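S.K.: Count along the sequence shown starting at 1, add 4, and that's the number in the numbering used here.
After the structure tokens below, expect a handful of questions from me.
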Amino acid sequence: MLKELKEAARQLQPQLVEWRRWCHQHPGLGFQEHETAEFIAQKLQSWGIEYETGVGKTGVVAIIPGDKPGPVIALRADMDALPMQEENTHDYVSKYPGIMHACGHDGHVAMALGAAKLLNERKEQLAGKVVVIFQPAEEGLGGAPAMIKDGVLSRHKVEAIVGGHLGLISQQLGTGQVGVCYGPMMAAAYSFNAEITGKGGHGAMPHQSTDPIVIAAEVVTSWQRILTREISPLEPAVLTVARIQGGSSHNIIPEKVELQGTIRYVKPETGDILKKRMVEVLDGICTTWQAESSFSFNDGYPPVINDNEFTSFFAQLAKELAGEENIIELDQPTMGGEDMSFFLQEVPGTFFFLGAGNPEKGITHPHHHPRFDFDEDILWLGTALLAGTALSYKSK
Ligand SMILES: [Zn+2]
Ligand SMILES: [Zn+2]
């Protein structure tokens, strides 16, 4: 069954490339992927596949019932682009200035469309139901929780989910290699805002003011001490103050300093320490030096945690499709974030990486780079992995 599916996915390769390039030329920012959603809906309609639109604002959901009873599995692809100007020179560059598919989500859409088509043509082999989720707004706006809120999992009684990310995310993967990971795979990512309010005054008479710049400097360095002295050195954690703003001239002590940054971690316990101690340290320092402070974390993404049992099922299947030597067990999580994590909090499943850099073809630019690209030759494999998972999955 998988052998035939693999061959069919290979046959689909020219169309996968065509769909990917169309998406690449017509990118949409988070929750504005209207053209991509329309493109997906048209394809599904032409193949006679039932679908829902407007799920989580711009999301599209394809529904493929099998001929036999069985479990419900979801395949997930994200479809948003990034606010940046493309610098590639190939003949299918973005038609829209300042918007670019620089993370490979155009490829994800093509792979998932291919899987939907192949599964729809194999309903007699399919047990249960497949729900193909085309998700908006992965890049920070939270399209996954928006779709969950709109009932994409509950309405279809989804029992398991699989999704992948192609590209150069993991240095461990060569072209066409599949990275699997048991347990934590990607970090939680939250941004924060802090404000320190002192008392402004003349730069020559600091004793008559409360200088928030000196206080902010102390806060920034003390926060780093949480990482080095309160979190195990074996536990991944990041605290980056990426923006610090205050003051207007060389001789004026400002009233306020603003700090902005991001924290990343893998284990929820690590996040609890970071979040609690950042506030305590900020408050403590500001109280000591008689300043006021405010602090908030913004909505972020929890860590991506794969289900061990599902991942081992997926790894076995991936070996059959990609060859045993091409399945790499990733030995450490990446500190990037992904909102696939919201789906994996609800149902068991796995997220995989598909190596799609290729130095021989000059494809070496990292994700979110104006010249990011990926090797299209891997598209059929992504389609085969998604469709193969759906065909082989049996509930417990
Ligand atoms: Zn990205
Ligand atoms: Zn991405």
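Even glycine gets a Cβ: it sits at the ideal position worked out from N, Cα and C.
If you're wondering where the values come from, they're calculated on a predicted model, not measured in any experiment.
(1) Under 8 Å, with one C-beta from each stretch per pair, do the stretch 102-112 and the stretch 189-201 reach the 3-pair mark?
(2) May I ask whether a heavy atom of ligand 1 can be found less than 8 Å away from the beta carbon of E90?
(3) Can you tell me which of M344, S236, E329 puts its alpha carbon nearest to the alpha carbon of Q304?
(4) Give every residue of the same chain whose Cβ lies closer than 6 Å to the Cβ of H371, excluding the five residues on either side of it in the sequence, and list them in chain order.
(5) Using a 10 Å radius around the Cβ and a threshold of 16 neighbouring Cβ atoms, would you call P149 buried or exposed?
(6) Per DSSP, what kind of secondary structure is I67 in: helix, strand or coil?
(7) Between the beta-carbon of I68 and the beta-carbon of A131, is there less than 9 Å?
(8) Verify whether the separation of the beta carbon atoms of E332 and G183 is less than 9 Å.
(9) Give a single yes or no on whether E284 has its beta carbon closer than 8 Å to a heavy atom of ligand 1.
(10) Does the distance between the C-beta of D303 and the nearest non-hydrogen atom of ligand 4 fall short of 8 Å?
(11) A322 to A85, Cα distance in whole Å?
(12) Pull up the DSSP beta-bridge partners for H206, would you.
(13) What's the C-alpha gap between T244 and N302?
(14) Going by Cα to Cα distance, which pick from Y397, A391, E284, V223 is closest to L122?
(15) Could you give the C-beta distance for C185 and N310, rounded to a whole number, given that I count them as a contact under 8 Å?
(16) Pull up the distance between the alpha-carbon of K7 and that of L325, whole angstroms please.
(17) Any chance you could list the residues with Cβ under 6 Å from a heavy atom of ligand 2, keeping chain order?
(18) Given that a residue counts as buried once 16 or more other Cβ atoms are within 10 Å of its Cβ, and exposed if not, what is N255?
(19) Evaluate A198 with the Cβ neighbour count: other Cβ atoms within 10 Å of its Cβ, from every protein chain shown; 16 or more gives buried, anything less gives exposed.
(20) Indicate the three-state DSSP secondary structure (helix, strand or coil) for G275 in the structure shown.
(21) Let me confirm a value: Q228 is counted as buried when at least 16 other C-beta atoms fall within 10 Å, else exposed. Which label applies?
(22) Taking the alpha helix (DSSP H) that S174 belongs to, which residues open and close that run?
(23) State the CB to CB distance for the pair G167 and L48, rounded to an integer number of angstroms; the pair is presumed to be in contact (CB under 8 Å).
(24) DSSP has I230 in a bridge; who is on the other side?
(25) Determine the direct distance from the alpha carbon of E329 to that of G178, and round the result to whole angstroms.
(26) Determine the extent of the beta strand (DSSP E) in which I77 is found, giving its start and end residues.
(27) Below 9 Å between beta carbons: does that hold for G3 and I137?
M.R.: Quick answer:
(1) Note that the stretch 102-112 does not touch the stretch 189-201; fewer than 3 beta-carbon pairs, one per stretch, sit closer than 8 Å.
(2) Look at E90: its beta carbon is at least 8 Å from all of the heavy atoms in ligand 1.
(3) Residue identity check: residue 304 is Gly in the sequence provided, not Gln. The shortest C-alpha separation from G304 is found at M344.
(4) C107, G171.
(5) Buried is the call here.
(6) Strand.
(7) It is not a contact, given that the beta carbons lie outside the stated cut-off.
(8) The sequence given here has Ile at residue 332, not Glu. The beta carbons of I332 and G183 sit closer together than 9 Å.
(9) For ligand 1, not one heavy atom lies less than 8 Å from the Cβ of E284.
(10) Ligand 4 is not part of this structure, which contains only ligand 1 and ligand 2.
(11) Using only the alpha carbons, I get a separation of about 28 Å.
(12) Among the bridge pairs identified by DSSP, H206 is matched with I256.
(13) Roughly 15 Å separates the two Cα atoms.
(14) If you compare the alpha carbons of Y397, A391, E284, V223 with that of L122, the shortest gap goes to A391.
(15) About 6 Å separates the beta carbon of C185 from that of N310, a gap short enough to meet the 8 Å contact definition.
(16) Taking the Cα positions, K7 is about 8 Å away from L325.
(17) Every residue whose beta carbon comes nearer than 6 Å to a heavy atom of ligand 2 appears here in chain order: C107, H109, E142, H169.
(18) Exposed.
(19) A198 should be labelled buried.
(20) DSSP places G275 in helix when its eight states are reduced to three.
(21) Under this definition Q228 is an exposed residue.
(22) No alpha helix (DSSP H) contains S174, which DSSP labels as neither H nor E.
(23) The pair is not a contact, with the Cβ atoms about 18 Å apart (cut-off 8 Å).
(24) According to DSSP, I230 bridges with nothing at all.
(25) So the alpha carbons of these two residues sit roughly 11 Å apart.
(26) Boundaries of the beta strand (DSSP E) harbouring I77: 72-82, taken from the DSSP string.
(27) The structure shown has nothing for residue 3, since the chain only spans 5 to 400.
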